[in-house]
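Each position in the sequence shown, counted from 1, maps to that position plus 2 in my numbering.
By construction, the Cβ of each residue, glycine as well, lies at the ideal position given by its N, Cα and C atoms.
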Amino acid sequence: MKLIAVGKLKAGPERELLDRYCSRLRPKLEIVEVAQGRGAPAELKRREADALLAACPDNAFLVAMDEGGKLVDSRAFSSQLQGWQESGRPVCFMIGGAEGFDAAIIQRADAVFSLGKLTWPHMLVRVMLAEQLFRAQAIQMGHPYHKAGRP
3 MKLIAVGKLK AGPERELLDR YCSRLRPKLE IVEVAQGRGA PAELKRREAD
53 ALLAACPDNA FLVAMDEGGK LVDSRAFSSQ LQGWQESGRP VCFMIGGAEG
103 FDAAIIQRAD AVFSLGKLTW PHMLVRVMLA EQLFRAQAIQ MGHPYHKAGR
153 P
């Protein structure tokens, strides 16, 4: 699996949490960071889209993490992830920059998912996605990390 994201996550609490969840993932989550674009919002998003797509294999199953994407619970996400992995295509998740995605990313994406209706800092979304990937794997393995019995 690969996460392709705009911007560089610096040392600090977000990096520590990301590293913690990434160390638990099997297979390992490869993280590719692309430079933030510059200029007017439309130009910035176009440049970021070009860099994001260049880092993604042509045959990849691309999952764009976008506030307008599909909302699912952790069990449904786990099931989706398992299906994507069984497709034989490499799975790539994308996180855009502060302005969001250019339309080219949404058009190329095989799936578009949201982590909720709230707006999250794009650097924190990395941590939240890594945690959900770990949770999805725990669900698949029957590990008690995911507490499904809560009211």
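Which residues does DSSP list as the beta-bridge partners of residue 35? 7
Next on the checklist: So, at 8 Å on beta carbons, what are the nonlocal neighbours of residue 97 in its own chain, with the 5 sequence-adjacent residues on each side left out?
Outcome noted: 5, 6, 7, 8, 67, 124, 127, 128, 131
Between the alpha carbons of residue 72 and residue 32, how many angstroms are there, rounded?
24 Å
> Given a threshold of 16 other Cβ atoms within 10 Å of its Cβ, counted over all protein chains shown, does residue 143 qualify as buried or as exposed?
Replying inline: exposed
(Q) Please list the terminal residues of the continuous beta strand (DSSP E) segment that includes residue 155. (A) The question about residue 155 has no answer here: the residues shown for the chain are numbered 3 through 153.
Residue 55 vs residue 112 beta-carbon contact at 7 Å: no
- prompt: Taking the alpha carbon of residue 119 as the point to measure from, which residue in 74, 3, 133, 92 has its own alpha carbon closest?
  reply: 74
Next on the checklist: Assuming the contact rule is C-beta atoms closer than 8 Å, residue 13 and residue 36 should be a hit. Round their C-beta distance to whole Å, please.
Outcome noted: Wrong, their Cβ atoms sit about 19 Å apart, outside the cutoff.
| What three-state label does DSSP hand residue 144 in the structure shown? | coil
Review point. With DSSP run on the structure shown, which of helix, strand or coil describes residue 2?
Key: Residue 2 lies beyond the residue range present for the chain, which begins at 3 and ends at 153; the question has no answer from this structure.
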